[in-house]
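One structure is given below, encoded as structure tokens.
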Amino acid sequence: TFIQKLVLLSVPLSSLLGTCVYEVTSQGAWILSLVKREYSVGTVLECAVKCNIETAFTCRSFMYIEKDQECLTIPANGKIESVLRRTSTSLYEKKEYLMECVNGIGMDYRGTTSKTNSGKTCQRWASTYPQRPNMTPSTHPKADLESNFCRNPDGDSKGPWCYTTDPGTRWETCNIQNCSEECMHCSGKNYRGKISTTENGYTCQHWNAQKPHNHGYIPSALLEKYLEENYCRNPDGDPRPWCFTTSPSKRWDFCSIPRCTSEPPRVVEELTCATGDGSAYRGTIGVTASGKACQVWATQTPQQHNRTPDNYPCKGLELNYCRNPDHEKMPWCFTTDPETRWEYCKVPSCGDVPGPGHLTLHHDDDDNEDYDDDVNEDCYVDDGTDYRGMVTETISGKRCQSWSSMTPHSHNKTPQVFPKADLRRNLCRNPDGDRAPWCYTTDPSVRWEFCSVNRCPTAPKPTPKPDKHDQPKPKPSQTPSDDSRDCKVGNGGTYRGPTSMTVLGVTCQSWSAQSPHQHTSFTPESHPDKGMESNNCRNPDNDANGPWCYTTDRNQKWDYCQIPDCVYFWSPAGLKCGQPVSKPRRCFGRIVGGCVSKPHSWPWQISLRTNTGIHFCGGTLIAPQWVLTAVHCLERMFYIFLAVWSPAIINDKVLPACLPEKDYVVPPGTECYVTGWGETQGTGGEGLLKETGFPVIENKVCNRPAYLDNRVKEHEMCAGNIEGGADSCQGDSGGPLVCHAQNTFVLQGVTSWGLGCANAMKPGVYVRVSKFTDWINSQIKMNS
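Listed below in structure tokens is the structure:
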């Protein structure tokens, strides 16, 4: 597990440092803070001591760099500043600043709640508009009046409060659960207590852990869900909080948490229209968008379900009115038609905030446009006002909030206010003429950020076609069959080649030497199986950037080595896996219901054909001589003519997809894409490569009785739209499901099976590639 208390000779850190306990937020994490103090220490415990006795500022977290034996104390943490990826670094945060509940009247509350009891947004403490505050960071320096978080600087008996952004309401109390009050309101969506045992007596698994159960509820990717330690939470709209368990035989279980006797948070009811996803709609529309009558929520005929008023209190499930009790994208209902389980409703939108009224049962036709090649490029010109690309991540890697959503950030940058800004889904845009495309983030503590979109070159140069002589066949001496070859697979953790020089040409220090640089963390004795017998470049700590070494330069303790990737050892310079030269359309949600792909935009897509040239399955190029496909595609191999493959020539039209990290589970809601030449069921594009995009669905949700009813195994994953309308189908089997992150497409799934094609509540099922990463690499290594 990544969460642990620091210990020294089995003595808890808390006994050495008073009451402060630190939480390892993440390995490979870094907070970029302008205010910090640097120390040279030998151990992470010494760094913790430095943070605890820091006098220059209130130390909320520290970062320890093991290779450098360097300690950085900072006043920020992951709830205040962005957490970036940086190898060889561990981020530790004081737990008192991570808790989202109050003790007593909450004068020591340091959480990130920024809304009042009635749902009003808090004003920043340092701001003077619309309220002119009496209490500011300068008048109350010890009250931690940062950002617009609820605080109690004056000891108010009702607990933390804030000035509001509503000109008519100067201040209000915030609704924050008491740490000693182990109860929940409604379905426990906002439960922040510390119960970590299920109703059947199972101990909860830490949310950061992936053992004994792999899952996609990753705290760093779902910051708005407050997945702290191993406490019971409700991140997916279930009737009450739950957790994964530490028992291998029980994946998850509900927690027994009593209902609070105090009044639940008030909902500003919307009686005639809906804002955002319509969760506050309490009107009386009782028919679906196609005209079907809604079923009464309290009945079980003709549809059986668990969305009952008892299971989902506070959701307004009265009579048969359209509602959104479970985080769907708009109000919906079960129907009285036995053949149609449920449908969305057509509810008007409120004022300048977009509601679901303009949406159909499936997706807008806008998602299916035949874009010009230059419209969808992932770069921007000038300030990016006209940018229409498909990036949905900020510069620090945060996922963008949907423009039509008011959670976690309320705003007025909506499609109706900015009708020409193309504010679809959660795509990066620049509706207000800022200096570059941006978006609101799904991190409650970071309202918005600029996006990870590059500025277009001022004079784009056409990509030259590679000359056939630029692709020599590998020489036998270049392809040894073991790890002594001078190239790396993945991050080079198994690299045993002879290189012993850094990227700057400095000779490496022997791993067993202590001069010119002393070190204790990485020696032949501490890592006997890492090949550290000499001074060759190695990667004993699985650094994501590859092999490195301590150097013989007294002014540079360590540096990376220049080791080429084995997969691209004979590839043209500049081409990387998962980064096609021709950018895909990234048609999201319409392949059944998809759109025709741009030529060469999915350069890893393979067509498996019979000896008569008939396509029967897809596949994915993962290395010049390797294709990954589904086993059932090859079960009747005597019907298939297989050519003896020679290595594929990697160029701007042929490129492998990247493989995922071992056992990585894609977080729910992640945007992924499937491609293929399979059955289109009359939606057009027959015989052409089609694509469609849709979100990942966590296995826990996908295995609900109304969905795939426990058919999905741990080595499989689900993706699709719950309402149907877009899916992979027959003939797409064996093809890729790729997910986009950090400007790269990663092969996360192999198209496997489904219950029909594009049916509501029956998403597609894909083999989870991360479960087989070691096997794939071993096969490539064994047969290279």
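Using my numbering, you'd call the opening residue of the sequence shown number 579 and step up by one each time.
Ideal Cβ positions, reconstructed from N, Cα and C, are used throughout, including at glycine.
None of these values were measured; they are calculated from a predicted model.
Next item on the list: Starting from Ile-1354, follow the alpha helix (DSSP H) in both directions and report where the run begins and ends.
Entry: The residue given as residue 1354 occupies position 776 in the sequence shown. Judged by DSSP secondary structure, Ile-1354 falls within the alpha helix (DSSP H) whose first and last residues are 1351-1360.
Notebook entry, point to check: With 16 other CB atoms within 10 Å as the buried threshold, where does Met-1360 fall?
Noted result: Within the sequence shown, residue 1360 is the residue found at index 782, counting from 1. Answer is exposed; the Cβ neighbour count stays below 16.
Margin query: Using the Cβ count rule (16 or more neighbours within 10 Å means buried), how would you classify Phe-635?
Written below: The sequence position of residue 635 within the sequence shown is 57, counting from 1. By the neighbour-count criterion, in which 16 or more other beta carbons inside 10 Å mark a residue as buried, Phe-635 falls on the exposed side.
Next item on the list: Confirm, please, whether the CB-CB distance from Cys-810 to Tyr-769 is below 8 Å.
Entry: The residue given as residue 769 occupies position 191 in the sequence shown. The residue given as residue 810 occupies position 232 in the sequence shown. It is a contact, given that the beta carbons lie within the stated cut-off.
Item checked: Contact under 8 Å by Cβ, Thr-1130 with Gln-1087 -> As a working note, residue 1130 is residue 552 in the sequence shown. As a working note, residue 1087 is residue 509 in the sequence shown. In contact: Thr-1130 and Gln-1087 (Cβ atoms closer than 8 Å).
Next item on the list: Provide the residue(s) that pair with Ile-1184 in DSSP beta bridges, ordered along the chain.
Entry: Looking up residue 1184 in the sequence shown gives position 606. Under the DSSP definition of a beta bridge, Ile-1184 partners with Gly-1197.
Item checked: Assigned secondary structure, Glu-1111 (DSSP; H/G/I helix, E/B strand, else coil) -> Residue mapping note: residue 1111 aligns to position 533 of the sequence shown, counting from 1. Of the three classes helix, strand and coil, the one that applies to Glu-1111 here is coil, per DSSP.
Check: In the DSSP assignment, what residue or residues form a beta bridge with Val-1274?
Finding: As a working note, residue 1274 is residue 696 in the sequence shown. Val-1274 is bridged to Ala-1297.
Checklist line | Own chain partners of Leu-1082 with C-beta closer than 7 Å, once the 5 adjacent residues on each side are dropped | finding: Here residue 1082 refers to the residue found at position 504 when the sequence shown is read from its first residue. For Leu-1082, same chain residues with a beta-carbon under 7 Å away, outside a window of 5 residues either side, are Asp-1137 in chain order.
Next item on the list: Tell me whether Tyr-675 sits in a helix, a strand or coil according to DSSP, three-state version.
Entry: Position 97 of the sequence shown, counted from the start, is the residue given in the question as residue 675. DSSP places Tyr-675 in helix when its eight states are reduced to three.
Note to self: Determine whether the beta carbon atoms of Val-1328 and Val-1316 lie at a separation below 8 Å.
What the structure shows: Locating residue 1328 in the sequence shown gives position 750, counting from the first residue. Locating residue 1316 in the sequence shown gives position 738, counting from the first residue. Cβ distance not < 8 Å, so Val-1328 and Val-1316 don't count as in contact.
Checklist line | Within 8 Å, strictly: CB atoms of Ser-982 and Pro-997 | finding: What you label residue 982 is simply residue 404 of the sequence shown in a count that begins at 1. What you label residue 997 is simply residue 419 of the sequence shown in a count that begins at 1. Cβ distance not < 8 Å, so Ser-982 and Pro-997 don't count as in contact.
Next item on the list: For Ala-626, name the three-state secondary structure that DSSP assigns.
Entry: Along the sequence shown, read from residue 1 onward, the residue named residue 626 stands at position 48. Helix, per DSSP.
Check: Pairing CB atoms from the region 713-724 with CB atoms from the region 760-779, are three or more of them under 8 Å?
Finding: As far as the Cβ criterion goes, the region 713-724 does not touch the region 760-779, which means the pair count is below three.
Check: Is the distance from the Cβ of Gln-979 to the Cβ of Asn-1004 below 8 Å?
Finding: Here the question's residue 979 lines up with position 401 in the sequence shown. Here the question's residue 1004 lines up with position 426 in the sequence shown. Yes, the pair counts as a contact, with Cβ atoms nearer than the cut-off.
Check: How far does the beta strand (DSSP E) with Arg-1346 in it reach, from first residue to last?
Finding: Translated into the one-based positions of the sequence shown, residue 1346 becomes position 768. Here the beta strand (DSSP E) through Arg-1346 covers 1342-1346.
Check: Excluding the five sequence neighbours on either side, which residues of its own chain have a C-beta within less than 7 Å of the C-beta of Val-1345, listed in chain order?
Finding: Start at 1 with the first residue of the sequence shown, and residue 1345 comes out as number 767. Excluding residues up to 5 positions away in sequence, Ala-1208, His-1293, Glu-1294, Gly-1327, Val-1328, Ser-1330 lie with their Cβ nearer than 7 Å to the Cβ of Val-1345 in the same chain.
Check: So Asp-831 and Asn-902 are in contact, right, with Cβ under 8 Å, and what is the actual spacing, rounded?
Finding: Numbered from 1 along the sequence shown, position 253 holds the residue referred to as residue 831. Numbered from 1 along the sequence shown, position 324 holds the residue referred to as residue 902. The beta carbons of Asp-831 and Asn-902 sit about 26 Å from each other, so the pair does not count as a contact at 8 Å.
Next item on the list: Could you tell me if Arg-702 is buried or exposed, where buried requires 16 or more neighbouring beta carbons within 10 angstroms of its beta carbon?
Entry: Numbered from 1 along the sequence shown, position 124 holds the residue referred to as residue 702. Label assigned to Arg-702: buried.
Item checked: Assigned exposure category for Gln-755 - 16 Cβ within 10 Å defines buried -> In the sequence shown, the residue the question calls residue 755 occupies position 177. Residue burial annotation: Gln-755 is buried, with at least 16 other C-beta atoms found within 10 angstroms of its C-beta.
Check: Which one of Pro-986, Gly-1332, Lys-698 has the shortest CA to CA distance from Asn-1281?
Finding: On the sequence shown, residue 1281 is found 703 positions in, with the first residue counted as 1. Cα-wise, what sits closest to Asn-1281 is Gly-1332.
Check: For Phe-727 versus Gly-689, is the C-beta distance shorter than 8 Å?
Finding: Within the sequence shown, the letter at position 149 stands for residue 727. Within the sequence shown, the letter at position 111 stands for residue 689. Going by C-beta atoms, Phe-727 is nearer than 8 Å to Gly-689.
Next item on the list: Counting only the same chain and skipping the five closest in sequence on each side, list residues whose C-beta sits under 8 Å from that of Lys-1039.
Entry: Residue mapping note: residue 1039 aligns to position 461 of the sequence shown, counting from 1. Residue confidence for Lys-1039 is low, a pLDDT of 43 falling below 50, so the modelled location carries little weight and cannot support an answer.
Checklist line | Cβ pair Lys-870, Asp-904 closer than 8 Å | finding: Translated into the one-based positions of the sequence shown, residue 870 becomes position 292. Translated into the one-based positions of the sequence shown, residue 904 becomes position 326. Contact flag unset, no.
Note to self: Short of 8 Å in beta carbon distance, which residues of its chain neighbour His-1193, apart from the five on each side in sequence? Order them along the chain.
What the structure shows: Counting from 1 along the sequence shown, the entry for residue 1193 is found at position 615. Sequence-distant Cβ neighbours of His-1193 in its own chain, meaning closer than 8 Å and more than five residues away, are Ser-1185, Leu-1186, Arg-1187, Trp-1255, Gly-1309.
Next item on the list: Taking Asn-1120 as the reference, give the member of Asn-1113, His-1105, Asn-812 with the closest Cα.
Entry: The sequence position of residue 1120 within the sequence shown is 542, counting from 1. Cα-wise, what sits closest to Asn-1120 is His-1105.
Notebook entry, point to check: What are the uninterrupted segments assigned as beta strand (DSSP E) that are 3 or more residues long and contained completely in the region 723-783, given in chain order?
Noted result: List check, beta strand (DSSP E) in window: 739-741, 749-751.
Notebook entry, point to check: Is Lys-803 helix, strand or coil by DSSP?
Noted result: Residue mapping note: residue 803 aligns to position 225 of the sequence shown, counting from 1. In the structure shown, Lys-803 sits in a helix (DSSP, three-state: H, G or I).
Next item on the list: Kindly indicate which residue of Val-1343, Met-677, Lys-693, Ile-683 has the alpha-carbon position closest to the one of Pro-986.
Entry: To locate residue 986, count along the sequence shown from 1; it is residue 408. Out of Val-1343, Met-677, Lys-693, Ile-683, the CA that lies nearest to the CA of Pro-986 is found in Lys-693.
Next item on the list: Please name the residue, chosen from Ile-658, Lys-1240, Ala-876, that lies closest to Pro-887 on a Cα-to-Cα basis.
Entry: One-based indexing of the sequence shown puts residue 887 at position 309. Selection Ile-658, Lys-1240, Ala-876 evaluated against Pro-887 yields Ala-876 as nearest (Cα-Cα).
Next item on the list: Have a look at the DSSP bridge pairing and note the partners of Leu-1315.
Entry: Position 737 of the sequence shown, counted from the start, is the residue given in the question as residue 1315. Answer by DSSP bridge pairing, in chain order: Val-1252, Gly-1327.
Check: Does DSSP put Leu-1266 in a helix, a strand or coil?
Finding: Translated into positions along the sequence shown, residue 1266 becomes position 688. Three-state result, Leu-1266: coil.
Notebook entry, point to check: From this set, Thr-913, Lys-772, Asp-646, Thr-747, which residue's C-alpha is nearest Lys-1135's C-alpha?
Noted result: As a first step, residue 1135 must be located in the sequence shown, where it is residue number 557. Check the Cα spacing between Lys-1135 and each of Thr-913, Lys-772, Asp-646, Thr-747: the tightest is with Asp-646.
Notebook entry, point to check: Does the ligand NAP have a heavy atom nearer than 7 Å to the CB of Pro-738?
Noted result: No copy of the ligand NAP appears in this structure; indeed no ligand is present at all.
Next item on the list: Compute the Euclidean distance between the alpha carbons of Gly-1196 and Thr-1253, then round it to the nearest angstrom.
Entry: The residue given as residue 1196 occupies position 618 in the sequence shown. The residue given as residue 1253 occupies position 675 in the sequence shown. Going by the C-alpha atoms only, they are around 9 Å apart.
Checklist line | Through-space distance from Gly-794 to Glu-1276, alpha-carbon basis | finding: Start at 1 with the first residue of the sequence shown, and residue 1276 comes out as number 698. Start at 1 with the first residue of the sequence shown, and residue 794 comes out as number 216. Going by C-alpha positions, Glu-1276 is about 6 Å away from Gly-794.
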